[in-house]
Amino acid sequence: MKNLENPKTLIIVTGGPGTGKSYAAAKLRESIGSLTILSYDTIKEKNFDLYGFDNERQKTELNEFGLEEFYLCVRKAMWKGETIMIEYPFYQKHKPKLEELIGEYDYQAITVYLYGDLRTIYDRGARRDYDGNRHPGHLTNHYHVETFRKGDAFVADDSLDYEGFVKQMEKKNYDIRLGYNIPVDVTDLSAIDYDAVVSEIFAHCRG
1 MKNLENPKTL
11 IIVTGGPGTG
21 KSYAAAKLRE
31 SIGSLTILSY
41 DTIKEKNFDL
51 YGFDNERQKT
61 ELNEFGLEEF
71 YLCVRKAMWK
81 GETIMIEYPF
91 YQKHKPKLEE
101 LIGEYDYQAI
111 TVYLYGDLRT
121 IYDRGARRDY
131 DGNRHPGHLT
141 NHYHVETFRK
151 GDAFVADDSL
161 DYEGFVKQME
171 KKNYDIRLGY
181 NIPVDVTDLS
191 AIDYDAVVSE
201 IFAHCRG
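What follows is the structure, given as C-alpha cells:
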C-alpha cells in the first residue's frame with residue numbers, strides 16, 4: 001500500500017444500483033494509502049436510526065439533510081488537504097456541487113464509473129435488497145429503529161421492475177465524468193482487474 005503522489009485527489013466511485021460500488025471501493029482502498037473514506041450512505045443510515053421517518057416526504061427531507069452533511073464532510077477533508085474516496089450512486093444531480101468543491105479546493109478528481117449489462121445488474125441489485133445486509137431504511141418509506149425488528153418481512157416501497165429500472169438508469173445517468181474517468185465493466189464481477197484500475201489511478205496521479 002502506498003500513497004498517491006498528489007495527495008489532493010478525490011476518487012469518486014459511482015454507478016447505478018447493483019453495480020457493486022461498496023465492493024469496488026473496498027478493493028481499491030486495499031492498495032491506496034492515507035485515504036479518507038466518506039460515505040453518504042453511512043450518514044443516511046445514521047440519520048435513519050437517529051430520527052426515523054413516517055412517509056416518503058419525510059424520508060426525502062432527511063436524505064437532503066444528510067446530503068448537506070456529506071458535502072460538509074467532503075469540504076472539511078479538502079480543507080485539510082486529505083486524499084479522499086467517496087462511494088455512492090452519484091448522478092447528474094450531484095455533479096455540480098462536487099465540481100464546485102473540486103474547483104474551490106484545487107483538487108484532482110478521478111471517477112471510477114461502474115457499468116454493465118443492465119439485466120445482470122438489475123437482478124444483482126434485486127437479490128441484494130433482500131439478502132438481509134442492507135439497512136431497511138433504504139427500502140421502506142416508514143422506518144423507526146425502535147419498532148423495526150430485524151428479519152421482519154416487507155416489500156420495498158420503491159422497488160422497480162426491470163423496465164422502470166432501465167428508465168431510472170437512463171434518466172439519472174451515473175456517468176458523471178468528473179476529472180479523469182475510468183470506466184469499469186462489472187457485468188462479470190470475477191473478470192474485473194482491480195489491480196489494473198489501481199495502476200491507472202496511480203499513473204494518472206503521477207501526471
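Read in the numbering used here, the sequence shown has 140 at position 140, and its numbers run on one by one without any break. Glycine included, every Cβ here is placed at the ideal spot set by N, Cα and C.
Collapsed DSSP secondary structure at residue i in the structure displayed
{"i": "residue 146", "result": "coil"}
{"i": "residue 125", "result": "helix"}
{"i": "residue 194", "result": "helix"}
{"i": "residue 4", "result": "coil"}
{"i": "residue 160", "result": "coil"}
{"i": "residue 37", "result": "strand"}
{"i": "residue 103", "result": "helix"}
{"i": "residue 19", "result": "coil"}
{"i": "residue 201", "result": "helix"}
Separation of residue j from residue i, as counted between CA atoms
{"i": "residue 103", "j": "residue 123", "result": "38 Å"}
{"i": "residue 164", "j": "residue 176", "result": "21 Å"}
{"i": "residue 26", "j": "residue 65", "result": "26 Å"}
{"i": "residue 17", "j": "residue 89", "result": "7 Å"}
{"i": "residue 15", "j": "residue 168", "result": "12 Å"}
{"i": "residue 174", "j": "residue 145", "result": "31 Å"}
{"i": "residue 180", "j": "residue 204", "result": "8 Å"}
{"i": "residue 75", "j": "residue 96", "result": "14 Å"}
Beta-carbon proximity list for residue i, same chain, < 8 Å, skipping 5 on both sides
{"i": "residue 119", "result": "162"}
Own chain partners of residue i with C-beta closer than 6 Å, once the 5 adjacent residues on each side are dropped
{"i": "residue 70", "result": "40, 43"}
{"i": "residue 54", "result": "142"}
{"i": "residue 56", "result": "141"}
{"i": "residue 35", "result": "29, 83, 85"}
{"i": "residue 33", "result": "1, 2, 3"}
7 Å Cβ shell around residue i - same chain, five flanking residues per side excluded
{"i": "residue 37", "result": "29, 85"}
{"i": "residue 128", "result": "18, 134"}
DSSP beta-bridge partners of residue i
{"i": "residue 181", "result": "111"}
Cβ of residue i within 9 Å of any chain C Cβ
{"i": "residue 34", "result": "Here there is only one protein chain, and chain C is not present."}
Report task. Report yes or no: do the stretch 7 to 21 and the stretch 79 to 93 share at least 3 C-beta pairs separated by less than 8 Å? Result -> yes
**Report entry** Contact between the stretch 138 to 148 and the stretch 184 to 201 (3+ Cβ pairs under 8 Å)
**Finding:** no
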